[in-house]
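With our numbering applied, the sequence shown corresponds to residues 1 to 471, in that order. Backbone N, C-alpha and C fix where the C-beta goes; we use that ideal spot for every residue, glycine too. Since this is a predicted model, take the numbers as computed values, not measurements. Data block below; observations after.
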Amino acid sequence: MSATPDPIISRHVAVIGAGASGLVTARELRREGHTVVVFERGDQVGGAWVYTPKADSDPELTRTTVHSSLYHFLRTNLPRESMGFKDYPFLAKDDPDRDPRRYPGHREVMMYLQDFTREFGIGELIRFETEVVHVRLVAEEGGFKWKWKIKSKQRLRLRLRGKDENETVVEEEEIFDAVVVCIGHYTHPRVACIPGINEWRGKQMHCHSYRVPEPFQDQVVVVIGSSESAFDISQEVAIVAKEVHIAARTVLDGVFGKQLAYDNMWLHPMIEGVNEDCYVYFQDGSFVIADIILHCTGYKYHFPFLETNGVVTVDDNRVGPLYKHVFPPTLAPWLSFVGLTYQTIPFPISELQSKWIAGVLSNRFTLPSQEEMIEDVETFYSSLEASGTPKRYTHRVANIQVGYNTWLAGQCGCPAFEEWRKQMCYDTVKRRLAQPRSYRDEWEDQHLVLQAQKDFIKYTPNQVSDRYVSQ
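Written out as structure tokens, the structure reads:
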């Protein structure tokens with residue numbers, strides 16, 4: 001972080017998306033003195049945490065008509081203490097309508113984000129049911145300064161003389177000083193490239209369309225993936241399916257074969273190919289005859305509304321070039337992204353990214369020169385290549401998230417991850433590997449919970465029970 005003698009400036013900023021990243025970004029921008037408009041195409045806050053039982057039919061695995069990727073029984077894979085924003089802890093509520101578990105269901109996370117929105121008055125900044133259709137740079141009068149022109153369309157529902165609602169669409173164009181993109185990356189499925197899949201006569205789907213396990217009753221299911229979604233969904237499906245076969249690209253040696261905790265689950269190396277008779281061949285030579293292939297293979301970054309004349313591109317799921325996953329060097333600080341990183345503790349990192357953006361826009365923090373930022377990006381990309389990391393994993397920060405968080409905190413002049421938060425996440429990962437079926441309900445880190453609760457009292461003295469700090 002470096003101080004600047006320039007005066008503090010208030011900007012007019014557009015935030016695209018009212019999920020967790022958009023909400024905290026709106027709060028930090030307003031705290032810094034900027035005027036903010038949040039564009040949200042849905043009718044409520046929450047983004048990826050808005051559940052709907054509806055799902056894409058995705059017969060070709062390309063259609064995206066439903067935003068949500070949540071499945072009905074999803075629970076968080078991190079404890080609530082570690083998930084929340086730093087100064088607004090994710091506390092259990094003394095309310096029969098809430099989920100008090102340490103690893104709550106998705107509805108509880110949604111309600112936490114609603115609470116956050118009310119607490120900080122963010123709702124008044126949001127335009128619901130308003131889709132951003134085009135964002136482009138335009139020259140201000142005189143041509144000495146560039147602004148962003150945003151074209152949006154808003155769905156309005158009107159009741160005429162007590163009759164049923166009529167819907168109308170209103171289009172609008174507005175000018176902003178800066179744009180922050182916070183739309184997440186859990187909507188547009190990525191699928192595995194499988195030799196012979198065009199002749200495959202079985203069914204295939206992406207986990208984006210998975211909601212409940214019942215449709216897999218008595219089926220032989222091949223699940224592709226080794227991430228959290230594959231981990232959870234394979235366990236759910238195994239309850240009703242005849243067999244579940246997991247094809248994973250990255251698995252520790254010695255764990256292939258039948259899984260000890262299940263009677264009907266096997267772990268395989270990746271798929272070698274398939275044929276029209278529904279045979280699925282794995283790279284170790286084994287095969288099964290399957291009814292369905294379920295792709296738990298992640299999502300694509302997708303910004304169809306954003307026009308940058310090729311400055312920012314998505315290449316093999318790398319959004320770039322971006323300085324520290326946030327600023328395109330040649331468009332900084334007028335364009336930025338929050339929430340692109342994954343395999344991390346998302347809410348606190350989005351909070352730090354948005355603090356950094358807000359301070360840079362107000363001139364309280366300064367960025368390096370364009371040349372320095374470009375050099376940093378190139379060095380980062382070279383390090384990924386040298387380590388054999390595929391381009392599509394550019395924004396995966398699992399092994400470097402503590403260092404990344406500490407760096408962001410340094411730019412903002414605020415504390416980094418608390419030690420208990422780091423240790424709590426490490427402990428969760430270890431228990432998830434050792435106790436895949438029970439790690440959410442059995443733990444031995446109460447000492448970390450107590451440390452968290454002591455910190456929380458600084459922010460919510462009336463909400464944290466005395467029993468947490470006396471144990």
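Are there 16 or more other CB atoms within 10 angstroms of the CB of residue i, so buried, or fewer, so exposed?
i	result
Asp95	exposed
His447	exposed
Trp49	buried
Leu433	exposed
Asn317	buried
Cys207	buried
Pro390	exposed
Cys425	buried
Asn405	buried
Ser369	exposed
Ser350	buried
Ser383	exposed
Glu60	Per-residue confidence for Glu60 stands at a pLDDT of 43, beneath the threshold of 50, marking its modelled position as unreliable; the derived number appears in the next sentence. With fewer than 16 Cβ atoms within 10 Å of its Cβ, Glu60 is classed as exposed.
Ser387	exposed
Thr394	buried
Ala230	buried
Ser438	exposed
Leu352	buried
Thr76	buried
Ile194	buried
Could you check what DSSP says for residue i in three-state terms: helix, strand or coil?
i	result
His106	helix
Asp58	Model confidence at Asp58 stands at a pLDDT of 48, short of 50, so the residue's coordinates are unreliable; what they give is reported in the following sentence. The answer is coil: DSSP assigns Asp58 none of H, G, I, E or B.
Phe305	coil
Trp443	coil
Tyr281	strand
Ser152	strand
Ala358	helix
Arg63	A caution first: Arg63 carries a pLDDT of 45, below 50, which makes its placement in the model unreliable, though a value can still be read off. It is coil, neither helix nor strand.
Leu352	helix
Ala247	strand
Ile271	strand
Phe327	strand
Ser86	The residue asked about is misnamed: residue 86 is Lys in this sequence, not Ser. Lys86 falls in the coil class under three-state DSSP.
Trp146	strand
Phe287	strand
Trp407	helix
Ser10	coil
Glu214	helix
Would you mind working out which of the options sits nearest residue i, comparing C-alpha positions?
i	options	result
Ser227	Gln451, Val429, His106 and Phe347	Val429
Asp263	Tyr279, Tyr71, Lys242 and Asp277	Lys242
Arg486	Glu172, Ala20, Gly33 and Leu23	Residue 486 lies beyond the residue range present for the chain, which begins at 1 and ends at 471; the question has no answer from this structure.
Ala452	Gly42, Phe73 and Pro79	Pro79
Phe417	Gln411, Val402 and Asp427	Val402
Gly22	Tyr210, Trp146, Pro346 and Glu276	Pro346
Met270	Leu70, Gln235, Glu307 and Val223	Val223
Ala26	Phe85, Lys149, Phe380 and Ala358	Ala358
Met83	Arg31, Asp445, Lys422 and Thr379	Lys422
Thr341	Met373, Glu307 and Arg396	Arg396
Val221	Gly121, Glu173, Tyr88 and Ile289	Ile289
Lys458	Cys278, Ile9 and Lys86	Lys86
Arg211	Pro329, Glu140, Ser68 and Asp441	Ser68
Gly257	Thr366, Val138 and Phe282	Phe282
Taking residue i and residue j to be in contact with their CB atoms under 8 Å, please state how far apart those CB atoms are, rounded to whole angstroms.
i	j	result
Ser354	Val338	5 Å
Ile292	Ile183	In fact, because the Cβ distance is near 30 Å, the residues do not count as touching under 8 Å.
Pro213	Ile239	6 Å
Ile233	Leu267	Wrong, their Cβ atoms sit about 14 Å apart, outside the cutoff.
Using beta carbons (cut-off 8 Å, strictly below), is residue i in contact with chain B?
i	result
Glu173	Of the protein chains in this structure there is only one, and it is not chain B.
* Asked: What beta strand (DSSP E) runs, 3 residues minimum, are completely inside the segment 17 to 60?
  -> Whole beta strand (DSSP E) segments, 3+ residues: 35 to 39.
* Length at least 4, wholly inside the segment 219 to 247: the alpha helix (DSSP H) runs in chain order -> Listed in chain order, they are 228 to 238.
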